[in-house]
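Before any comments, here is the structure.
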Amino acid sequence: MKFIVTGSGGCVNLPRPLCQCSICTEARQKGVPHARCGCSLYLEDAGMLVDTPENIADALNNCNIKEIKSVFYSHWDPDHTLGMRIFEQLYFQWLDFYEKIKPCYTVSVYAEQNVMRDLTGIRSKYGSFLDYYEKMGMIERRVLKNPVTLDNIKITAVPVSKNKAVSVFVFEDSGKKLVYAPCDCKPFPDDNLMYGSDILLIGNTFIGDALKDNRTLPENHPLRKELHSVEEVLEIKKKYNISRAIITHIEEIWGKSYDYYIELEKKYTEYNLKFAHDGMIIEL
Numbered sequence: 000m001k002f003i004v005t006g007s008g009g010c011v012n013l014p015r016p017l018c019q020c021s022i023c024t025e026a027r028q029k030g031v032p033h034a035r036c037g038c039s040l041y042l043e044d045a046g047m048l049v050d051t052p053e054n055i056a057d058a059l060n061n062c063n064i065k066e067i068k069s070v071f072y073s074h075w076d077p078d079h080t081l082g083m084r085i086f087e088q089l090y091f092q093w094l095d096f097y098e099k100i101k102p103c104y105t106v107s108v109y110a111e112q113n114v115m116r117d118l119t120g121i122r123s124k125y126g127s128f129l130d131y132y133e134k135m136g137m138i139e140r141r142v143l144k145n146p147v148t149l150d151n152i153k154i155t156a157v158p159v160s161k162n163k164a165v166s167v168f169v170f171e172d173s174g175k176k177l178v179y180a181p182c183d184c185k186p187f188p189d190d191n192l193m194y195g196s197d198i199l200l201i202g203n204t205f206i207g208d209a210l211k212d213n214r215t216l217p218e219n220h221p222l223r224k225e226l227h228s229v230e231e232v233l234e235i236k237k238k239y240n241i242s243r244a245i246i247t248h249i250e251e252i253w254g255k256s257y258d259y260y261i262e263l264e265k266k267y268t269e270y271n272l273k274f275a276h277d278g279m280i281i282e283l
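Anchor point for the sequence shown: position 172 equals 171 in numbering that gives the first Met the number 0, and the numbering is continuous, going up by one each time.
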């Protein structure tokens, strides 16, 4: 399996628009990997994309993605879904529409039942976006009730026990296994399927207590209840006997550069922990 981290950023772009701090300025000047698009993942073997953040078009172009057969959604949050207008840009042509020519390809959209319900609720005054895209022949919705197999890769959606619908995805092929938990995955699902995985690619984390603009994350801050610390990620990795961990969904507000994370990895060498960047390739 070959995965490409098409986006390693969080709910705010890096660089943040208007911001002139040193981290955003560097990202603006140097681009990827110092810059980060919203959180998304591409599985090349199956032409599959997970989530569509607002800048997904830029992310796909940056990584030179040539084919998308399906899109899987982890949850409804705007930073993971509001780039869904990408469906109009993949295989749909307005000139063809007026000549009654159907799109050359219809993208399959997969989500767990409750996630799909939330996605269908994203709408304009004219109605649901997904209803519209499906009516126009751009997509076909497919509710995930059981594991699906695409190009010999088994994909399972594992629900997170929260007050909203969130899925963690497990990819399996030829004895290899990758767990993708991009966001809202605390508490982490207690599922036997996680055990013995090769890689945990996880978001929903915070990196240290010192943040941007001299702010800090005190012990009683509510974010600590929502996000995993690096130490908690390592505990998950140990509990499920996972070989490697990669942290993604890296927020701009943490105020740390790409070079900082490269140096930080050295501290965690013995734990096989790395930090994702846009364009990172993961092969199993």
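Think of the CB as a built atom: it goes at the ideal place given N, C-alpha and C, for glycine as much as any other residue.
Can you tell me where the alpha helix (DSSP H) holding residue i begins and where it ends?
i: Asp117; result: Gln112 to Thr119
i: Pro77; result: Pro77 to Thr80
i: Ser21; result: Ser21 to Lys29
i: Lys238; result: Val229 to Lys238
i: Ala58; result: Ile55 to Asn61
i: Lys224; result: Leu222 to Glu225
Considering only C-alpha positions, which residue in the set the options is nearest to residue i?
i: Thr5; options: Ile64, Lys144 and Ile235; result: Ile64
i: Arg15; options: Gly8, Cys23 and Gly9; result: Cys23
i: Glu269; options: Asp258, Tyr260, Tyr194 and Leu233; result: Leu233
i: Ile246; options: Leu17, Cys38 and Glu133; result: Cys38
i: Ile67; options: Asp78, Ile55 and Val106; result: Val106
i: Val108; options: Leu81, Val159, Asp57 and Val49; result: Val49
i: Asn60; options: His79, Cys36, Ala209 and Tyr72; result: Cys36
i: Ala56; options: Leu216, Glu43 and Phe86; result: Phe86
i: Lys185; options: His227, Lys236 and Phe128; result: His227
i: Asn191; options: Trp75, Tyr239 and Asn54; result: Tyr239
i: Lys237; options: Leu199, Glu98 and Leu263; result: Leu199
i: Val229; options: Arg214, Thr215, Tyr125 and Ile249; result: Ile249
i: Asp258; options: Ala110, Lys29, Cys10 and Tyr97; result: Lys29
i: Ser69; options: Met193, Glu53 and Met47; result: Met47
i: Ile235; options: Ser256, Glu264 and Met193; result: Met193
i: Ala209; options: Phe71, Lys224 and Gly254; result: Gly254
i: Lys175; options: Asp183, Ile241 and Gly202; result: Ile241
Compute the beta-carbon to beta-carbon distance between residue i and residue j, rounded to the nearest angstrom, for a pair I have assumed lies under 8 Å.
i: Phe168; j: Ala156; result: 6 Å
i: Pro188; j: Ser160; result: 7 Å
i: Glu218; j: Leu13; result: Actually they do not touch by this definition, with Cβ atoms about 27 Å apart.
i: Leu177; j: Asp197; result: 6 Å
i: Phe91; j: Pro102; result: 5 Å
Could you tell me the boundaries of the beta strand (DSSP E) in which residue i lies?
i: Tyr41; result: Ser39 to Leu42
i: Arg15; result: That residue, Arg15, is in no beta strand (DSSP E); it is neither H nor E in DSSP.
i: Phe2; result: Lys1 to Gly6
i: Lys71; result: Per the sequence shown, the amino acid found at residue 71 is Phe instead of Lys. Ser69 to Phe71 is the span of the beta strand (DSSP E), which, as asked, contains Phe71.
i: Lys265; result: Not the beta strand (DSSP E): Lys265 falls in the alpha helix (DSSP H), residues Tyr257 to Lys266.
Which residues does DSSP pair with residue i in a beta bridge?
i: Ala209; result: Thr215
i: Tyr179; result: Phe168 and Leu200
i: Met279; result: Val4
Legend entry - Runs of alpha helix (DSSP H) wholly within the stretch 101-168 (minimum 4 residues, chain order): Entirely contained in the stretch 101-168, the alpha helix (DSSP H) runs reaching 4 residues are, in chain order, 112-119 and 128-134.
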